[in-house]
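Number of protein chains: 2
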Amino acid sequence: MRIFKLAAELQNYALEQKRAGRTIGLVPTMGFLHAGHASLIDIARKKADIVIVSIFVNPTQFGPNEDLDKYPRDFEHDKALCIEHGADAVFAPEPGAMYAPDASTWVEETVLSKPLCGARRPIHFRGVTTVVAKLFNLAQPDCAVFGRKDAQQLFVIKRMVRDLNFPIEIIAAPLVRGEDGLALSSRNRYLTEDEHRRALVLSRALRAAVPALKRAGYTAAADIVAAMKQEIAAAGGQVDYVEALDADTLAAPTEATSAILLAVAVYFGTTRLIDNELVQVK
Amino acid sequence: MRIFKLAAELQNYALEQKRAGRTIGLVPTMGFLHAGHASLIDIARKKADIVIVSIFVNPTQFGPNEDLDKYPRDFEHDKALCIEHGADAVFAPEPGAMYAPDASTWVEETVLSKPLCGARRPIHFRGVTTVVAKLFNLAQPDCAVFGRKDAQQLFVIKRMVRDLNFPIEIIAAPLVRGEDGLALSSRNRYLTEDEHRRALVLSRALRAAVPALKRAGYTAAADIVAAMKQEIAAAGGQVDYVEALDADTLAAPTEATSAILLAVAVYFGTTRLIDNELVQVK
């Protein structure tokens with residue numbers, strides 16, 4: 001497996017693969033890889049001739065009071081996982097290899113990025129779309145795999161790809177949970193044992209809400225959200241948001257809504273976790 | 001020569017050419033082509049296997065009170081010119097083929113786009129960078145040719161390409177003037193005979209300023225600019241701006257400045273013309 005630290009190295013490699021007629025699958029990650037990431041690599045492996053995994057804790061998507069500095073890193077473990085799952089190359093740049101000191105260009109999605117995490121983390125998605133556009137231009141993928149755990153990110157990226165005409169298929173991979181139901185996340189390692197146990201309320205509350213929402217439709221969304229907030233607070237979670245939105249527009253659901261994104265962001269201690277269910281209501 | 005109206009048609013063609021191992025040169029234009037555009041096509045023709053000319057009066061780079069509706073169009077003439085200069089394909093989409101009704105993604109350069117035309121046309125460069133990023137993803141060029149007449153646009157595009165890692169060489173083509181010195185522009189056709197004659201002051205004032213600026217350096221910039229404003233006003237031009245800026249930063253020139261962009265935007269009647277000289281001062 002090749003390991004690239006410099007943007008130009010990755011791009012030369014990718015362009016060479018394309019010239020040789022090979023297809024490329026990209027799996028963009030922030031590292032500290034778990035079984036969720038592994039499932040993305042497996043999907044790319046089935047889909048493309050060449051699989052590139054990027055590992056980059058992107059500073060431009062972290063706010064000033066967020067966990068950029070303490071975000072967990074373990075390159076040796078990540079490397080081993082990528083090899084085990086058959087990646088052809090890992091791109092692991094330092095921030096200075098990704099951003100010039102006078103970098104001044106941003107890619108910004110201005111609608112789907114606004115609610116949910118976008119309302120709480122105002123520069124987050126601008127950082128995500130910018131770095132993903134850069135990774136697309138560097139890795140030249142035919143397809144890129146993103147997890148449904150970051151549902152809003154997936155929607156924003158799909159919109160960017162459509163709006164900017166990237167010739168790339170975005171593949172949405174199922175959310176992967178631990179045996180106890182907690183959505184896998186690199187941030188789970190911040191949790192104490194007690195916080196981890198309390199955080200199980202997220203998947204429990206989401207799972208319980210799905211049949212109710214399916215049955216009663218969008219008019220029941222407000223009541224279901226209120227009940228979830230109560231249940232989560234009772235378990236010791238500090239709710240950042242619990243929302244039920246039209247999955248196409250990320251606006252309030254209406255009669256026309258065919259799928260509802262039920263999304264939560266909740267603090268346990270100082271750790272902010274997100275989880276969601278996509279509910280077909282038509 | 002192929003003519004494409006749909007984004008997907010162009011992209012399929014471009015990807016097919018790339019798979020066949022051919023290089024692509026892109027010449028983005030707003031049509032109503034003149035000898036300046038022809039020189040860009042000639043450069044692309046020498047540089048790449050396949051030359052694609054885009055002809056698109058991009059609505060997102062026009063402000064609400066600008067000349068979008070009356071911008072001159074002549075597709076038959078443009079087509080003939082492209083054939084004559086050996087283009088392989090023309091991409092001439094309708095606005096609806098370029099922008100979805102709910103398009104919500106912008107590419108924005110936030111430093112070099114701010115002074116000069118950016119200060120007078122606040123959404124202009126955001127529209128330019130967005131449409132050029134889209135054209136890059138559709139036409140998949142190895143190189144793209146832009147004229148030095150739109151000096152600030154050239155700088156902004158170069159910065160975007162660097163910041164977003166597009167694998168594209170940006171080629172700067174010399175400004176082309178008519179025999180009387182007026183910089184060629186599709187907008188020149190708006191000018192009355194009298195306005196055209198008055199507008200010759202632009203190239204005259206710029207040409208006269210070059211040796212003075214070269215000799216005296218950046219400390220003389222303010223005096224030179226003031227003299228140019230006076231000369232242009234005396235000839236009946238209404239100055240939008242005359243500025244001398246560091247060509248690397250588009251900020252005020254300093255001791256460290258190695259090249260100065262001397263740029264003017266001036267109304268003659270209701271027609272706004274731009275012109276510039278790039279002056280090496282070191």
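Top line first, the protein sequences correspond to chains A and B.
Counting in the UniProt record's numbering, the first sequence runs from 1 upward without gaps.
Counting in the UniProt record's numbering, the second sequence runs from 1 upward without gaps.
Where a beta carbon is used, it is the ideal one built from N, C-alpha and C, also for glycine.
Just so we're clear, the structure is a prediction, and the values are computed from it rather than from any experiment.
Per DSSP, which residues does residue i bridge with? Please list them.
{"i": "C143/A", "result": "G25/A, E169/A"}
{"i": "E243/A", "result": "A263/A"}
{"i": "L273/A", "result": "V266/A"}
{"i": "A183/B", "result": "R177/B"}
{"i": "Q11/B", "result": "DSSP output for Q11/B lists no bridge partner at all."}
{"i": "I50/A", "result": "I24/A"}
{"i": "V225/A", "result": "Note: V225/A sits in no beta bridge, so no partner."}
{"i": "L278/A", "result": "L261/A"}
Chain B partners of residue i, CB-CB under 8 Å?
{"i": "Q11/A", "result": "N165, P167"}
{"i": "R19/A", "result": "G21"}
{"i": "L15/A", "result": "P167"}
Could you have a look at residue i and say whether DSSP puts it in helix, strand or coil?
{"i": "A235/A", "result": "coil"}
{"i": "V132/B", "result": "helix"}
{"i": "F155/B", "result": "helix"}
{"i": "R2/B", "result": "strand"}
{"i": "L33/A", "result": "coil"}
{"i": "V161/A", "result": "helix"}
{"i": "L40/B", "result": "helix"}
{"i": "K18/B", "result": "helix"}
{"i": "E255/B", "result": "coil"}
{"i": "R148/A", "result": "coil"}
{"i": "F138/B", "result": "Phe is not the amino acid found at residue 138/B; the sequence shown has Leu there. L138/B falls in the helix class under three-state DSSP."}
{"i": "T219/B", "result": "helix"}
Residues of chain A with a CB under 9 Å from the CB of residue i: which are they?
{"i": "K134/B", "result": "D163, L164, N165"}
In chain B, which residues lie less than 7 Å from residue i when you measure between Cβ atoms?
{"i": "A227/A", "result": "Neighbours of A227/A on chain B: none; closest Cβ ~32 Å, over 7 Å."}
Can you pull the chain A neighbours of residue i, defined as C-beta to C-beta under 7 Å?
{"i": "L138/B", "result": "N165"}
{"i": "A7/B", "result": "N165"}
Counting only Cβ pairs nearer than 8 Å, list the residues of chain A close to residue i.
{"i": "H104/B", "result": "Note on identity: in this sequence residue 104/B is Ser, with His being the wrong assignment. Ordered by position in chain A, the residues that pass the 8 Å Cβ test against S104/B are E109, T110, V111, L112, R159, D163."}
What are the residues in the segment 107-124 of chain B lying within 8 Å of chain A by C-beta distance? V107, E108, E109, T110, V111, L112
Any alpha helix (DSSP H) of 4 or more consecutive residues that is wholly inside the segment 86-130 of chain B: 95-98, 117-120
Cβ-based contacts, 8 Å cut-off: residues of the segment 35-63 of chain B near chain A: none
Give the residues from the segment 159-191 of chain A that approach chain B closer than 8 Å (Cβ to any Cβ), ordered along the chain. R159, M160, R162, D163, L164, N165, F166, P167
Threshold first: 4 residues or longer. Then list the alpha helix (DSSP H) segments lying entirely within the segment 187-217 of chain A, N to C. 193-216
Which ranges would you report for the beta strand (DSSP E) in the segment 54-82 of chain A if only whole runs of at least 3 residues count? none
Taking any Cβ of chain A, which residues in the segment 76-103 of chain B have a Cβ under 9 Å from it, in chain order? M98, Y99, A100, D102, A103
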